[in-house]
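Structure first, commentary second.
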Amino acid sequence: MKRLRLRGPALGCLVVLGAVILCGGITFFAADRICYGNLSRRLPIYPNATVTSRTHNLFTEFGMGNTVVVLDSPDPPDNVRSWYAVETGSYVRESLRNNTPFFRMAQGSATINSNGSGGSQIILYGTCVN
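Right, dumping it as structure tokens:
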């Protein structure tokens, strides 16, 4: 009776499959951390603002995928807009000047509206690797 030797090929397939899963996981984790580093600088939390809602559609806030953070601040909208213009503008200029790798992986925007009581509602929207 002939004996089939599938051990070598089966083991080889398992090793290749394991390597693919490991490399994919490492790549996903690294991309998520790069997105977090980028978006957390592009969309900083306004000082003394209260977070009213946070949503994200993948593993971490400001990581891969979409993130929306809604804040309320007692400061008037013009003050908040000025602060975001300085904070995010300096980061964008620095990144473009230094040709920062992966800078274009993420996009973000801050929308500032009056909350009706003299303060501001701040909506931060970020997306990365979509």
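Residues 0 to 129 (numbering that gives the first Met the number 0) make up the sequence shown, in order. All C-beta atoms, glycine included, are put in the ideal place defined by N, C-alpha and C.
Look at T59 here: in three-state DSSP terms it is coil, with no helix or strand label. Unbroken beta strand (DSSP E) runs of no fewer than 3 residues, entirely contained in the region 37 to 84, are found at 49 to 55, 64 to 72, following chain order. Under DSSP, C127 forms a beta bridge with G64, A105.
The C-beta distance from V128 to C34 rounds to 6 angstroms, short enough to fall under 8 angstroms. Apart from the 5 residues on each side of it in sequence, T51 sits with its Cβ closer than 6 angstroms to the Cβ of V69, D71 in its chain, given in chain order.
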